[in-house]
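Numbering (the numbering used here), first residue to last: 951 to 1250.
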């Protein structure tokens, strides 16, 4: 409950509260991280940017590439409309860009529609119509964080994917059609995508849908204790890699954070995760800064 109260306080109080609460929480970090955390000042958010015609962002809530753009828009303080696509909605994205994909960024005032998360972020951080420019630093090319992400990929797929659909709360999975569309196309380990989806030929039609539904149900029914224990150990490793509770890399808020935080957000849908203090502060701080909520209240 303490984490929930803190998250609520951060969201309600905005940037000022974000700064003060984050500074208070710096005292809870380990002795090794205190000096780093106190030297790293929180990101200074600029004034609210409200275009006459608001940009529209089409997303899936769970999609890390979509979360990248949501986080960047929040950090830039750009007001926008969010259109949560149902996971089985093919017509809407196809009508916009010719295929089922997200995120999609529509700028009515420019009669422009964009895809590709990093291209969208480049646009909003290099054009003055979106406020002060060059606020998001480029990627540092850190190999340690990339290696960590690769090491936990199978573990996170096993824990996260069944929980996305089991909650029934994410907007893209509000109806059974959306949930089944996700299960149909997203394999669970140890299965690989060609084995799960098939290739459209009679020789490899893919797995039967009933079998897929059964595997998802089994994954949710299984005791996750050993997997969560493994994840907790991995999070301790990542905590040591963070520069501070405000930025993962030295120098300030960067594309490193945009990518890392967007991927870490989905971990909050897993119940029983023990977050190291610096990493937990990082999650809460960027959630408030970017105005993108975490999943703690619906964790399974």
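Heads up, the beta-carbon is just placed ideally off N, CA and C, and yes, glycines get one too.
Cβ neighbour criterion (16 or more within 10 Å) applied to residue i
i	result
residue 1037	buried
residue 983	Summary for residue 983: the model assigns pLDDT 39, below 50, so the residue's position carries little reliability; its value from the coordinates is reported in the next sentence. It is buried - the Cβ of residue 983 has at least 16 other Cβ atoms within 10 Å.
residue 1097	exposed
residue 1247	exposed
residue 1167	exposed
residue 1052	buried
residue 1049	exposed
residue 1039	buried
residue 1112	buried
residue 1128	buried
Distance, residue j Cα to residue i Cα
i	j	result
residue 1249	residue 1078	39 angstroms
residue 1001	residue 1174	46 angstroms
residue 1209	residue 1095	10 angstroms
residue 980	residue 1170	With a pLDDT of 37 at residue 980, under the threshold of 50, the modelled position of this residue cannot be trusted; read the value that follows with caution. Those two C-alpha atoms are separated by around 35 angstroms.
residue 1195	residue 1228	5 angstroms
residue 1135	residue 1142	11 angstroms
residue 1152	residue 1041	27 angstroms
residue 1014	residue 1224	22 angstroms
residue 1080	residue 1054	17 angstroms
residue 1215	residue 1100	16 angstroms
residue 1213	residue 1157	28 angstroms
residue 1205	residue 1119	29 angstroms
Simplified DSSP assignment, three categories, for residue i
i	result
residue 1245	coil
residue 1193	coil
residue 1033	strand
residue 958	Low per-residue confidence applies at residue 958: pLDDT is 36, beneath 50, and the placement is therefore not dependable enough to give any value.
residue 1250	coil
residue 1199	coil
residue 1056	strand
residue 1064	strand
residue 1090	coil
residue 1235	helix
residue 1204	strand
Test item: CB-CB of residue i and residue j under 8 angstroms
i	j	result
residue 1017	residue 1242	yes
residue 1138	residue 1089	no
residue 1181	residue 1105	yes
residue 1028	residue 1086	no
residue 999	residue 1239	no
residue 1023	residue 1236	no
residue 1056	residue 1006	yes
residue 1187	residue 1193	no
residue 1004	residue 1046	no
residue 1064	residue 1070	yes
residue 1019	residue 1084	no
Option in the options with minimal Cα separation from residue i
i	options	result
residue 1126	1163, 991, 1059	1163
residue 1220	1053, 1110, 1081	1110
residue 1093	1215, 1082, 1224, 1198	1198
residue 1178	1053, 995, 1058, 1218	1218
residue 1122	996, 1049, 1043, 1034	1034
residue 1161	1044, 1145, 1066	1145
residue 995	1148, 1191, 1082	1082
residue 1043	1076, 1008, 1233	1008
Proximity test, Cβ basis, 8 angstroms: residue i and chain C
i	result
residue 1110	Protein chain content of the structure displayed is limited to a single chain, and chain C is not contained in it.
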